[in-house]
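Number of protein chains: 2
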Amino acid sequence: MAKKPSIPKGTRDFSPQDVAKRNYIMDTIKSSFKLYGFQPIETPSFENSETLMGKYGEEGDRLIFKILNSGDFLKKLDASALSEKDSQHITSHISEKALRYDLTVPFARYVVQHQNELVFPFKRYQMQPVWRADRPQKGRFREFWQCDADVVGSDSLWQEVELVQLYDEVLSKLQLHRCTIKINNRKILSGIAEVIGAEDKLIDFTVALDKLDKIGEEGVKKEMLEKGISESAIEKLQTLFSFKGNTSERLNSLSELLTNSQLGLQGIEEVKFVIDTVQNLGLISSHLELDVTLARGLDYYTGAIFEVSAPERVQMGSIGGGGRYDDLTGIFGLKNMSGVGISFGLDRIYLVLEELQLFPKTVEQNTRVLFINFGNEEAFYAMQAISFLRKHNIAAELYPDVAKMGKQMTYADKREIPFVVLAGGNEIASKTYTLKIMQTGSQESFSLDGLIETVKH
Amino acid sequence: MAKKPSIPKGTRDFSPQDVAKRNYIMDTIKSSFKLYGFQPIETPSFENSETLMGKYGEEGDRLIFKILNSGDFLKKLDASALSEKDSQHITSHISEKALRYDLTVPFARYVVQHQNELVFPFKRYQMQPVWRADRPQKGRFREFWQCDADVVGSDSLWQEVELVQLYDEVLSKLQLHRCTIKINNRKILSGIAEVIGAEDKLIDFTVALDKLDKIGEEGVKKEMLEKGISESAIEKLQTLFSFKGNTSERLNSLSELLTNSQLGLQGIEEVKFVIDTVQNLGLISSHLELDVTLARGLDYYTGAIFEVSAPERVQMGSIGGGGRYDDLTGIFGLKNMSGVGISFGLDRIYLVLEELQLFPKTVEQNTRVLFINFGNEEAFYAMQAISFLRKHNIAAELYPDVAKMGKQMTYADKREIPFVVLAGGNEIASKTYTLKIMQTGSQESFSLDGLIETVKH
Numbered sequence: 155m156a157k158k159p160s161i162p163k164g165t166r167d168f169s170p171q172d173v174a175k176r177n178y179i180m181d182t183i184k185s186s187f188k189l190y191g192f193q194p195i196e197t198p199s200f201e202n203s204e205t206l207m208g209k210y211g212e213e214g215d216r217l218i219f220k221i222l223n224s225g226d227f228l229k230k231l232d233a234s235a236l237s238e239k240d241s242q243h244i245t246s247h248i249s250e251k252a253l254r255y256d257l258t259v260p261f262a263r264y265v266v267q268h269q270n271e272l273v274f275p276f277k278r279y280q281m282q283p284v285w286r287a288d289r290p291q292k293g294r295f296r297e298f299w300q301c302d303a304d305v306v307g308s309d310s311l312w313q314e315v316e317l318v319q320l321y322d323e324v325l326s327k328l329q330l331h332r333c334t335i336k337i338n339n340r341k342i343l344s345g346i347a348e349v350i351g352a353e354d355k356l357i358d359f360t361v362a363l364d365k366l367d368k369i370g371e372e373g374v375k376k377e378m379l380e381k382g383i384s385e386s387a388i389e390k391l392q393t394l395f396s397f398k399g400n401t402s403e404r405l406n407s408l409s410e411l412l413t414n415s416q417l418g419l420q421g422i423e424e425v426k427f428v429i430d431t432v433q434n435l436g437l438i439s440s441h442l443e444l445d446v447t448l449a450r451g452l453d454y455y456t457g458a459i460f461e462v463s464a465p466e467r468v469q470m471g472s473i474g475g476g477g478r479y480d481d482l483t484g485i486f487g488l489k490n491m492s493g494v495g496i497s498f499g500l501d502r503i504y505l506v507l508e509e510l511q512l513f514p515k516t517v518e519q520n521t522r523v524l525f526i527n528f529g530n531e532e533a534f535y536a537m538q539a540i541s542f543l544r545k546h547n548i549a550a551e552l553y554p555d556v557a558k559m560g561k562q563m564t565y566a567d568k569r570e571i572p573f574v575v576l577a578g579g580n581e582i583a584s585k586t587y588t589l590k591i592m593q594t595g596s597q598e599s600f601s602l603d604g605l606i607e608t609v610k611h
Numbered sequence: 155m156a157k158k159p160s161i162p163k164g165t166r167d168f169s170p171q172d173v174a175k176r177n178y179i180m181d182t183i184k185s186s187f188k189l190y191g192f193q194p195i196e197t198p199s200f201e202n203s204e205t206l207m208g209k210y211g212e213e214g215d216r217l218i219f220k221i222l223n224s225g226d227f228l229k230k231l232d233a234s235a236l237s238e239k240d241s242q243h244i245t246s247h248i249s250e251k252a253l254r255y256d257l258t259v260p261f262a263r264y265v266v267q268h269q270n271e272l273v274f275p276f277k278r279y280q281m282q283p284v285w286r287a288d289r290p291q292k293g294r295f296r297e298f299w300q301c302d303a304d305v306v307g308s309d310s311l312w313q314e315v316e317l318v319q320l321y322d323e324v325l326s327k328l329q330l331h332r333c334t335i336k337i338n339n340r341k342i343l344s345g346i347a348e349v350i351g352a353e354d355k356l357i358d359f360t361v362a363l364d365k366l367d368k369i370g371e372e373g374v375k376k377e378m379l380e381k382g383i384s385e386s387a388i389e390k391l392q393t394l395f396s397f398k399g400n401t402s403e404r405l406n407s408l409s410e411l412l413t414n415s416q417l418g419l420q421g422i423e424e425v426k427f428v429i430d431t432v433q434n435l436g437l438i439s440s441h442l443e444l445d446v447t448l449a450r451g452l453d454y455y456t457g458a459i460f461e462v463s464a465p466e467r468v469q470m471g472s473i474g475g476g477g478r479y480d481d482l483t484g485i486f487g488l489k490n491m492s493g494v495g496i497s498f499g500l501d502r503i504y505l506v507l508e509e510l511q512l513f514p515k516t517v518e519q520n521t522r523v524l525f526i527n528f529g530n531e532e533a534f535y536a537m538q539a540i541s542f543l544r545k546h547n548i549a550a551e552l553y554p555d556v557a558k559m560g561k562q563m564t565y566a567d568k569r570e571i572p573f574v575v576l577a578g579g580n581e582i583a584s585k586t587y588t589l590k591i592m593q594t595g596s597q598e599s600f601s602l603d604g605l606i607e608t609v610k611h
């Protein structure tokens, strides 16, 4: 096997530096989740296929990674099924398990399965990898991490308020200031579709509207026409295309448009409560904004819809999103459980922090002291000090081999270890340690206590 | 879908309590790994099949979970292959990826793939789930976590010394005192096989010897005979069956037995160095012991072999193991890279800590303060205090709904939240908060600052 090994496309190896930076983001998110009363759960990497299949639409089903049954998986399969080579049909016979596609469906499954052990409203967070057989591209991977916080069992709008605050808290802690948190409400979209008489085309209508940023007013209108939405209906939408003013003014024009839709007006009320309350409580660094073109997750969201954009100076899609789904657990037979949640896109946040150079310098926890190895006797002397340093929570290591001095120093240098200790016969005799500060090159002799004091800071 | 959902056999959901306890163990291991100079890496959950297949023996190949190719996976498959229904043959045509089976092979692959970016000796740790299609049983799962620390690129025995110390450090931090760390050396086993003239039967011989604890001297002898090891050879092993005395005495009798095997004597030298040095440096709470029947991982270990047993009062197999493999990366074409490492069995350590009630009471990080929801005005007043508490790093939450008082108190009770704040009209008027201490039932009125001071402790 002379061929250099590789990893599957769309997956990644994470170096020590990568892991440190990713943990910095995840730890920040995690500590905020906890402050807000969310508790961690974890679910298996693979679920029974029936748990996942059919929950993400046809496209989703295709993108789910299926696991081949163990053993002689073809044994029970009838020969004629095989000869037809119908991959889709055969899949269900040779695969019973699949890798999770997101954290929401496993969460719904968890809630239903454990409903008798849980205290509702149940606030959970979950940070685990998910897998999708998507075409890999920049910022899109086949294995990636989701960081979700959801509440299930309450339809209180205070949750929406708190989730906006939570976004703001995390982003501010990451020094990612001036992010925009966009909010919309499915009921507003339904109301619009209702008043323009395109209720049966809600999805087509919102998918087109969602592209306003990308393809502009004319593009959206063209797509709507193509989808069979009438010219007169589109005309009524002019308010949306020329949406101006501050949030309160926008909500007023929306109210006028939706005056005949009870559902639409309810959506406006909900958004208004969240925006007003958040503004009265205040945000640290983010900006909350009504965006009626926001239509993500329309297959399942029934109330609030959230999306977070990185600061304007960075070119990056959304770095988070979420919303309310009135019947989260209905797919598994537990009715009337409203859920609301948000998700952080770890990989994209990583790219943004990298681009803006916002990772703290101290993020990598590295060895602080390397002890040069001059031979077994010296190494034993060094190991006594190393044990002592470690007891004082200072990461230290002995260069394992009696290699040339230059090689050992190069190791310290490349590993960016700030302190090197040289202890040979003289030091052993005088019970001292010679410390070299790598940055300055200066050397000084210390007792063990002095050594600890010096390398601590 | 009225059927209650479930998860695949051998997998687990982890509740908030489970996650907290597991994180306690993993964080303890992780912090010790860092103190010893190990750096974290992470590798993808699935690897190319060719990376994994053939690395764990025939049995291992069977236990590897294979991932079905996406799309029309049968398309290119030749019809005659299908009609023969040869599952094993077909697997390689419909599956190109597989879930990782351990962390060692992916680590070897990582080292070879990234050899030009790494500084050797490379000390890495890795804590990730692995998957095996094993028959599930108590303490054995299809998805479980490995916590590994390995050094590659040095054959210094100081690594073995440090790895024993590392075991001792982690176990002691977990309050898991009096664990036994067993050490052996592949060269000793090879030496024994050599001097009894059973070199060609090394594996059979050690597999049998490994069972001494379980099936006793007679059982082992019987199995050896069955495997074709001669009676006269077995007779020479009497030393091992009646192995007595302290470590130094045992090493002496071994030396006599192995006096004609250069390899065997080298193994004794190595073990002696590790045991002597560790004893001179001292262990915190564990006990290091020579065990010549220890033969785990003989397919790959070439030098030291480690295994850790839980304290004697617990019935549990090994909670960790490891060893040295002289040619770790050879399977991927990079020769002469010696590696040595240890692994912690998270699931078993968990069971042991549970049984011995060694999880600290503070392990679950929970919400400290719940604010009762009396209505929107009161909730807004509460939310101002909640934001303030969170700024002071105190986990607080508002009960989201205006539910009956009893229901809200029950929630606090079941969630084991220690403090509840009641703030209604009177409190708003006097800018105070009424705090109820759940354990005692006592209530007292505080300013916001007083509230923080009280709930902090």
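The listed protein sequences derive, respectively, from chains A and B. Residue 157 in my numbering sits at position 3 of the first sequence, with consecutive numbering throughout. Residue 469 in my numbering sits at position 315 of the second sequence, with consecutive numbering throughout. Every residue gets a Cβ at the ideal spot worked out from N, C-alpha and C, and that includes glycine.
At 3 residues or longer, what runs of the beta strand (DSSP E) sit wholly inside the region 498-556 of chain B? 523-525 and 550-552
What are the complete alpha helix (DSSP H) segments, minimum 4 residues, inside the region 166-197 of chain B? 170-189
Between the Cα of E250/A and the Cα atoms of A262/A, S224/A and K585/A, which residue gives the shortest distance? Taking only the C-alpha atoms, the option nearest E250/A is S224/A.
If distances are taken between C-alpha atoms only, which option among M207/B, Y535/B, H441/B and I161/B comes closest to R296/B? I161/B
Got a sec: is the Cβ-Cβ distance from S160/B to anything in chain A below 9 Å? It does; some Cβ of chain A falls within 9 Å.
Inter-residue spacing [alpha-carbon to alpha-carbon] between N434/A and L442/A: 12 Å
Within 10 angstroms of the Cβ of M491/A, are there 16 or more other Cβ atoms? Answer buried if so, exposed if not. buried
Going along chain B in order, which residues have a C-beta closer than 9 Å to the C-beta of K188/A? Q519, N520, T521 and A549
For K558/A and chain B, any beta-carbon pair shorter than 9 Å? no
Can you tell me which of V361/A, G211/A, L257/A and D501/A puts its alpha carbon nearest to the alpha carbon of G164/A? The residue with the shortest Cα to Cα distance from G164/A is D501/A.
Take the Cβ of D445/A as the centre, count every other Cβ of all protein chains shown within 10 Å, and call the residue buried at 16 or more, exposed below. Burial state of D445/A is buried, judged by a 10 Å Cβ sphere holding 16 or more other Cβ atoms.
Which residue's Cα is closest to the Cα of G484/A: Q193/A, R263/A, I221/A and E371/A? R263/A
Could you tell me which chain A residues have their CB closer than 7 Å to the CB of A287/B, listed as they occur along the chain? S224
What are the residues of the region 566-596 of chain A that lie near chain B, defined by any Cβ-Cβ distance shorter than 7 Å? K568 and R569
Interface positions of the region 196-207 of chain B facing chain A (Cβ-Cβ less than 7 Å), listed along the chain: E196, T197, P198, S199, F200, E201, N202 and T205
Measuring straight from C-alpha to C-alpha, what distance separates M155/A and Y587/A? Low local confidence applies: a pLDDT of 46 at M155/A is under 50, so the model's placement there is unreliable, and no value is given.
Are the Cβ atoms of N339/A and T447/A separated by less than 9 Å? No, these two residues do not count as a Cβ contact at 9 Å.
In its own chain, which residues sit with a C-beta less than 8 Å from the C-beta of F200/B, not counting the 5 before and 5 after it? I221, K251, A252, L253 and R254
Rounded distance between the beta-carbons of V305/A and Q313/A, thought under 8 Å: That belief holds up - the Cβ atoms of Q313/A and V305/A are roughly 5 Å apart, short of 8 Å.
Taking 7 Å as the limit between beta carbons, can you name the residues of its chain near R404/B, skipping five residues before and five after? F397 and L444
Closest by C-alpha distance to L505/B, when choosing among V468/B, E532/B, I496/B and R478/B: Closest by alpha carbon: V468/B.
In this structure, what does DSSP give as the bridge partners for F200/A? L253/A
Run through DSSP, which three-state label would K327/A get? helix
So for N490/B, helix, strand or coil by DSSP? coil
Give the residues of chain B in contact with K610/A, contact being defined as C-beta atoms less than 8 Å apart. Result: empty, since nearest Cβ-Cβ is about 14 Å, beyond 8 Å.
Between I526/B and chain A, is the shortest Cβ-Cβ distance under 9 Å, so that the two count as touching? no
Could you check whether K355/A and G382/A sit closer than 9 Å to each other, using their CB atoms as the reference points? yes
List, in order along the chain, the chain A residues whose C-beta lies closer than 7 Å to that of Q193/B? P170
V318/B at chain A interface by Cβ criterion, 9 Å: no
is_contact[E377/B, chain A] using C-beta, thresh 9 Å: Proximity of E377/B to chain A, defined by a Cβ-Cβ separation below 9 Å, is not satisfied.
Buried or exposed for G191/B, please, with buried defined as at least 16 other CB atoms from any protein chain shown within 10 angstroms of its CB. buried
Grab the span of the beta strand (DSSP E) containing H268/B for me, first residue to last. It is not in any beta strand (DSSP E) - H268/B carries neither H nor E in the DSSP assignment.
Using a cut-off of 7 Å between C-beta atoms, extract the partners of K251/A located in chain B. In chain order: P162.
From this set, L328/A, W285/A, L589/A and P283/A, which residue's C-alpha is nearest A464/A's C-alpha? L328/A
Ignore the nearest five residues each way along the sequence and tell me which others in Q519/A's own chain have a CB closer than 8 Å to its CB. A174 and A549
In chain A, which residues lie less than 7 Å from R166/B when you measure between Cβ atoms? P198
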